[in-house]
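So the sequence shown is numbered by the numbering used here: it starts at 7 and just counts up by one.
Here the structure is laid out as structure tokens; the discussion comes afterwards.
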Amino acid sequence: MRRRTFLGTSAAGGMTVGGAEALGSASQTQAGDGPRSALPPGVTPSAYAVPHSEYGQFGTPDYFAYANDLVIERNRPGKPHKGKVLAAIQAHSDDIPIFCGGTVAKLIDEGYTGYLIRLTNDESGPVEDRGPNWTLGHGVYQSQLDNDAVAKALGCKKAFSLGYQNHRADEDAVIEIRARLIFLFRLLQVNTIVSYDPYNQYEENPDHSVMSNAVQGACWMAGEERDYPEHFKAGLKLGGVREKYYVGRAARGHNTINRIVDISPYIDVKVRANVAYKDKGAAGDAGLRLKRALASQGRKLPLLGNDDDTANFNYVKHFLMGDNRVLGAQYGLEYAEAFHYIGPSTTGPGARETRQRYIDTHAVPL
Ligand SMILES: [Zn+2]
């Protein structure tokens with residue numbers, strides 16, 4: 007219950023900051039459920055506890071700081087992103103599906119050509135009830151298939167795997183990872199990325215930290231003419247990543263949020279993407295394994311249906327999409343994902359075009 011502390015205080019304190027306004031009445035509803043805060047009078051909270059599913063935390067950190075220009079991104083009719091390229095970049099085969107699979111599916115449905123890029127070989131992962139054959143070698147093999155299956159489920163055109171050793175990315179050179187991403191961003195002409203927030207506080211997984219740091223640098227450097235100029239000799243064009251959807255992941259984390267994406271129309275696609283990875287994570291074949299375990303005890307759960315596919319699908323949707331349901335409910339949405347969205351730079355190409363327009367309009371003969 008400790009995580010509700012700030013919400014309780016917020017309601018009591020009148021909520022004058024942007025984040026509080028963004029949360030609106032939904033936060034005050036939450037406040038009624040929790041204990042009052044021990045914050046002294048006059049102290050305004052700067053972090054807001056994120057309510058989690060009754061089935062446990064799966065897709066959101068403990069705390070958000072809300073920006074006062076929070077936007078709710080809803081489904082856009084037609085194909086407004088036709089001609090644009092999206093790169094969803096993950097360290098492991100389950101990262102994008104868990105934390106932002108709904109948003110990736112939405113953006114692709116709205117016209118983006120999507121690519122899935124995976125940093126590691128995924129050799130490490132929880133064995134749990136998967137059995138003694140779940141070795142490192144099995145992890146490498148199965149996760150390669152999983153990454154392709156996730157890409158397919160999300161509607162991506164192609165999946166890439168960079169093959170760094172799982173849970174050891176902090177011994178790899180960030181400059182090499184960044185250079186490989188710059189190459190891919192230029193090759194694919196990526197406009198928009200979805201990945202982990204580089205400022206993901208309390209992140210325990212070294213692969214996530216290294217990857218997000220490399221992604222951040224690559225987005226900028228792919229557009230710099232004097233970085234890796236041999237790329238242009240080989241026929242590549244300058245890159246230009248203009249939009250970034252950064253998702254907060256660390257369970258104990260605290261992320262700045264300025265965009266809530268309505269993923270309600272894409273929740274079943276997100277569930278399918280989570281069922282698609284079998285080697286690791288809490289989803290995959292978890293429903294089937296539970297069904298078999300119950301059967302060995304002479305029991306069954308009606309939720310899991312009568313076939314293996316239904317067992318996996320319903321397990322993931324009911325137990326693991328809870329945080330997306332709870333987050334969405336705060337905004338009157340069925341399911342949602344939260345991001346720190348960074349749009350086109352005001353000092354980048356857009357600003358240069360505006361400046362050129364001024365020059366062309368106002369320049370006079372000598
Ligand atoms: Zn991961």
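By construction, the Cβ of each residue, glycine as well, lies at the ideal position given by its N, Cα and C atoms.
Give the single residue among the options whose Cα lies nearest to the Cα of residue i.
i    : options                : result
R265 : P67, P86, I78          : I78
G62  : R361, I188, V322       : V322
T119 : D128, P132, A93        : A93
D101 : P132, G65, E60, D176   : G65
N153 : E182, P83, H98         : H98
K286 : P47, N127, K112        : N127
S218 : H324, L187, D233, K297 : L187
Y3   : P204, G241, F325       : In the structure as shown, the chain starts at 7 and stops at 372, and residue 3 therefore has no counterpart that could be examined.
E340 : I269, H260, G48        : I269
H260 : G84, S43, A53          : A53
K239 : P47, Q222, F189        : F189
V180 : N206, Q195, Q222, A157 : Q222
V315 : L333, V49, K284        : Correcting the residue type first, residue 315 is Asp in the shown sequence and not Val. For the residues L333, V49, K284, the minimum Cα distance to D315 belongs to K284.
For residue i, I'd like the list of residues in its chain whose CB is within less than 6 Å of its CB, leaving aside the five on either flank, ordered along the chain.
i    : result
R278 : A159
R258 : D68, Y208
A155 : A282
Y170 : L125, T126, D178
M227 : I188, D233
K297 : L310, A317
F325 : Y61
C106 : V200, V253, E343
Go ahead and pull the three-state DSSP assignment for residue i.
i    : result
R278 : helix
G131 : coil
R265 : strand
F64  : coil
G356 : helix
Y170 : strand
E116 : coil
A175 : helix
A220 : helix
T109 : helix
Y321 : helix
A342 : strand
N74  : strand
Y69  : strand
A55  : strand
Q362 : helix
N211 : coil
E182 : helix
Q195 : coil
A37  : With a pLDDT of 41 at A37, under the threshold of 50, the modelled position of that residue is not reliable, and the figure given next carries that caveat. Three-state DSSP puts A37 in a helix.
M327 : coil
H87  : coil
A32  : Caution applies to A32, whose pLDDT of 40 falls short of 50 and renders its modelled position unreliable; the value that the coordinates give is listed next. Helix, per DSSP.
E230 : coil
What does DSSP give as the partner residue(s) for residue i in the beta ladder?
i    : result
K164 : Y121
E79  : V267
V200 : A94, Y251
Y347 : Y251
T367 : T367 pairs with nothing; no bridge assigned.
T141 : The partner list for T141 (beta bridge, DSSP) is empty, contrary to what the question assumes.
T316 : None; T316 has no bridge partner.
H260 : Y69
T126 : Y170
Among the residues of its own chain, which have a CB less than 7 Å from the CB of residue i, if the five just before and after it don't count?
i    : result
G349 : E249
Q150 : S167
S31  : Note on S31: pLDDT 41, under 50, position unreliable in the model; the coordinate value appears next. There are no such residues.
V370 : none
Just to confirm before moving on: does the CB-CB distance between residue i and residue j stay below 8 Å?
i    : j    : result
D274 : H58  : no
I104 : F166 : no
R174 : A220 : no
N197 : V91  : yes
E343 : V281 : no
Y387 : V253 : Look at the range of the chain in this structure, 7 to 372, and you will see that residue 387 is not part of it.
T262 : A71  : yes
S130 : N74  : no
K164 : Y272 : no
A256 : E182 : no
V133 : W140 : yes
N318 : G293 : yes
E231 : L242 : no
H144 : R192 : no
R295 : D176 : no
Report all residues from its chain with a CB closer than 8 Å to the CB of residue i; omit the five preceding and five following residues, and keep chain order.
i    : result
P86  : E116, G117
I114 : L92, G120, L160, G161, C162
N320 : G293, L309, L310, G311
Any heavy atom of ligand 2 closer than 7 Å to the CB of residue i?
i    : result
H214 : Here the bound small molecules are ligand 1; ligand 2 is not part of this structure.
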